[in-house]
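Take the sequence shown: its letters are residues 1 to 189, numbered as in the numbering used here.
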Amino acid sequence: MTLTSRLRRGIIAASIGATAVALPTVALASSAGSSTVASTAAAHRCYQDELRAWLGVPGSGAAGSTYYELEVSNISGQACTLYGYPGVSALSSGHQDGSAAARTPSHRSTLVLLEPGATSHAILQITNVYNFSPSACQPVTANTLRVYAPGDYYSLSIPFSVAACGKAGPVYLHVSTTLAGTGIPGYSA
């Protein structure tokens, strides 16, 4: 046997050995990634009756607005998904006050897998309505925030007293896309 053939056999044996060591690691990594993808694909869209909503208070004020974490938790026994922006409006005695929240395009929408007991977050900006002319806004006091989970047609209610515009006109509510996690980076209450 020549030196070249021994060298080739040694390289082949080393390659087979390295592959045998690496295969279980690759298999574990790919199965973990595919199980997350599989569980997200198997989860249905979150519906109103599976969720609870509230505001993280106190909010953080800046430049004529107060920013709150709008939190939505999965209270069901199954994972579900959220994608996009929640719908938000203020109510007095069951009637909407002014315009619904505008979307703040500060974050890209991503599919959020909400396991049972997990909470998603969005940022709700409430502008001080006294910054608008009284004739354009007609300030009133709202007593409830109505929240629609992204893609849902049924709302959740959050008891919350806030100055609101009494007529459609200036947009005083703004909401970010739904995010997962325990807090919003860069946001402090």
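Virtual Cβ for every residue (Gly too), placed ideally from N, Cα, C.
Taking DSSP as the reference, what is the three-state secondary structure of residue i?
| i | result |
| --- | --- |
| GLY96 | Position check: residue 96 holds Gln in this sequence, whereas Gly was assumed. It is a strand residue. |
| GLN48 | helix |
| PRO134 | helix |
| ALA122 | strand |
| ALA180 | strand |
| ALA63 | coil |
| ALA43 | coil |
| ALA27 | Because the pLDDT of ALA27 is 34, which lies under 50, any placement of that residue in the model is unreliable, and the number read from its coordinates should be weighed accordingly. Correct three-state label for ALA27: helix. |
Output the boundary residues of the beta strand (DSSP E) element that contains residue i.
| i | result |
| --- | --- |
| ALA168 | Careful: ALA168 lies outside any beta strand (DSSP E) and carries neither H nor E. |
| VAL112 | 112-114 |
| ASN143 | 139-148 |
| VAL175 | 173-175 |
What are the start and end residues of the alpha helix (DSSP H) that includes residue i?
| i | result |
| --- | --- |
| CYS80 | Note, CYS80: premise wrong, no alpha helix (DSSP H); beta strand (DSSP E) at 80-82. |
With distances taken Cα to Cα, identify the nearest neighbour of residue i among the options.
| i | options | result |
| --- | --- | --- |
| ALA168 | ALA100, VAL88 and CYS46 | ALA100 |
| SER155 | ALA42, ALA43 and TYR47 | TYR47 |
| TYR130 | GLY87, THR178, TYR172 and PRO105 | TYR172 |
| ASP97 | ALA164, ALA136 and HIS174 | ALA164 |
| GLU115 | THR81, GLU71 and GLY166 | THR81 |
| GLY166 | ALA149, VAL147, LEU145 and SER135 | SER135 |
| VAL162 | SER65, GLN78, TYR85 and ALA43 | SER65 |
| VAL112 | THR104, GLY84, GLU69 and ALA102 | GLY84 |
| LEU179 | GLY56, ARG108, GLY87 and TYR153 | ARG108 |
| ILE126 | GLU69, GLY117 and SER73 | GLU69 |
| THR144 | LEU55, ARG45 and ALA42 | LEU55 |
| CYS137 | ALA63, HIS44, PRO170 and ARG45 | PRO170 |
Here's the rule I'm using: 16 or more other beta-carbon atoms within 10 Å means buried, otherwise exposed. How should residue i be labelled?
| i | result |
| --- | --- |
| THR141 | exposed |
| ILE75 | exposed |
| ARG52 | exposed |
| HIS121 | buried |
| SER176 | buried |
| PRO58 | exposed |
| TYR67 | buried |
| THR110 | exposed |
| SER89 | buried |
| PRO159 | exposed |
| GLN78 | exposed |
| PRO86 | buried |
| PRO150 | buried |
| ASP49 | exposed |
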